[in-house]
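In my numbering, the protein residues as written are 134 to 431.
Quick reminder that beta carbons are idealized off the backbone N, C-alpha and C, glycines included.
Below: the structure, in structure tokens.
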Amino acid sequence: MLSVEENGLVTQIEGNAPCGNLLRNYWHPLALTEELTASRAAKAVKIMGEDLVLFRDDKGEYGLIDRRCPHRGADLCFGRLEDGGIRCPFHGWLFNVDGICLEQPAEPRESNFRKKIKIQSYPCQEINGIIFTYMGLGKAPALPHFDCFVAPESHSFAFKGYLECNWLQAVEVGIDPSHASFLHRYLKDHDPEYGLQFGGMSGDSEVTMTSVLRNHVCPDIKVEENEFGMRLITTRKMNRESMHVRVTNLVFPNLIVIPMTNDMCISQWHVPIDDKYSWWYAIFTAFDDEIDKEAMRN
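Given below as structure tokens:
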């Protein structure tokens, strides 16, 4: 059992919390690409306890900067997207994706005061439907070559969900192999297969994943630590001849990769909004046929 102090050490991320400083040294999902529409490519976001604005400039580059203008505190998410940046709606100060002030229209023409102004900014990168950010010190490392990143866009589907719980709480649920036998069922099994979340076949058998989860609710779980985090090996004895094996990988600090079917997996991140709330981002990756994205949305 963790003490109150130990629990805070691994869950709290706001301010100068050690866990928050650690998490900032990794790339995290920030928004779905589709959230920045053609008509309005700016969005207020909160991540790691920081209120920021995400925008796409007229060159198609993504910027993540302080939400409040340093001049009078106006909300930059209501700014105009023009002239290579986002322009404050109050006095027109213009900031680029690096947080550099490009213009201060009301200042005298000879003034160089704008050169002294730079607000917090973080690098962004879009890949397979999700915009990621790196909030650590120094130069951002390259994104890892995970399957969900190198797969073609036609074989990927991204989505997100809002969770009213701490990020680590969500991670604990995500790596738990036994909850799927109950949480991913309907209130009443409407057919022998029940549920659509795990509808594919298990291995090369004629048994669906849903049937495996429903009929074998007490799996054996083995945890192995490794160089990237940990691996959970879950076995369910089907009968005297066969064993169902499912391997879940946790890539430190908050990425979980779970096999869904023979040819599809889900990669999911649990990202802190603040100490109390989090976002769940996920990418379905198919290794055979293209993904029917409209069907996934429905």
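Own chain partners of residue 196 with C-beta closer than 6 Å, once the 5 adjacent residues on each side are dropped: Contacts found: 188, 230.
Between the beta-carbon of residue 394 and the beta-carbon of residue 310, is there less than 7 Å? Annotated as distal: residue 394 and residue 310, with beta-carbon spacing of 7 Å or more.
If we ignore side chains and look at the alpha-carbon of each, how far apart do residue 282 and residue 193 end up? If I take the Cα positions, the gap works out to 20 Å.
Spatial distance of residue 362 from residue 389 (CA atoms): Spanning the two alpha carbons is a distance of roughly 10 Å.
What residue from 406, 422, 408 has the CA that sits closest to residue 398's CA? Comparing alpha carbon positions, the residue from 406, 422, 408 closest to residue 398 is 422.
Suppose you measure from the CA of residue 381 to the CA of residue 355; what does that come to, to the nearest Å? For residue 381 and residue 355, the gap between their C-alpha atoms comes out near 11 Å.
Beta bridge counterpart(s) of residue 434 as assigned by DSSP: Because the chain in this structure spans residues 134 to 431, residue 434 falls outside the shown range and cannot be described.
Decide if residue 287 is buried, meaning its Cβ has at least 16 other Cβ atoms within 10 Å, or exposed. When all chains shown are included, residue 287 counts as exposed.
Taking contact to mean at least 3 C-beta pairs separated by less than 8 Å, is the region 243 to 252 in contact with the region 263 to 273? In this structure the region 243 to 252 does not touch the region 263 to 273; the number of beta carbon pairs closer than 8 Å is below three.
Work out the CA separation of residue 266 and residue 252 for me, nearest whole Å. Going by C-alpha positions, residue 252 is about 16 Å away from residue 266.
Using only the alpha-carbon positions, how far apart do residue 226 and residue 219 sit? Per the coordinates, the alpha-carbon of residue 226 lies some 8 Å from the alpha-carbon of residue 219.
For residue 199, write down the residues that DSSP places opposite it in a beta bridge. Answer by DSSP bridge pairing, in chain order: 185.
Any idea if residue 181 is buried or exposed, counting beta-carbon neighbours within 10 angstroms, 16 or more meaning buried? It counts as buried.
I need the straight-line Cα distance from residue 413 to residue 202, nearest angstrom please. Straight-line Cα distance between these residues: approximately 29 Å.
For residue 313, tell me which candidate among 418, 392, 160 has the shortest Cα-Cα distance. Distance check between residue 313 and each of 418, 392, 160 places 392 closest, using alpha-carbon atoms only.
What do you get for residue 295, buried or exposed, if any count of 16 or more other CB atoms within 10 angstroms of its CB means buried? By the neighbour-count criterion, in which 16 or more other beta carbons inside 10 Å mark a residue as buried, residue 295 falls on the exposed side.
Around the Cβ of residue 417, are there at least 16 other Cβ atoms within 10 angstroms (buried) or fewer (exposed)? Buried: at least 16 other Cβ atoms inside 10 Å.
Nearest-angstrom Cα separation, counted from residue 134 out to residue 217: Cα to Cα, the separation comes out at about 53 Å.
Take residue 303 as the anchor and find which of 376, 157, 405, 152 has the nearest alpha-carbon. Ranking the options by Cα distance to residue 303, first place goes to 405.
From residue 369 to residue 347, what does the alpha carbon distance come to, in whole angstroms? The alpha-carbon atoms of residue 369 and residue 347 are separated by roughly 11 Å.
Residues near residue 157 in its chain [Cβ-Cβ closer than 6 Å; skip 5 each side]: Answer for residue 157: 268, 269, listed in chain order.
Spatial neighbours of residue 144 within its chain, please: C-beta separation below 6 Å, excluding the five flanking residues on both sides. Only 299, 301 meet the Cβ criterion.
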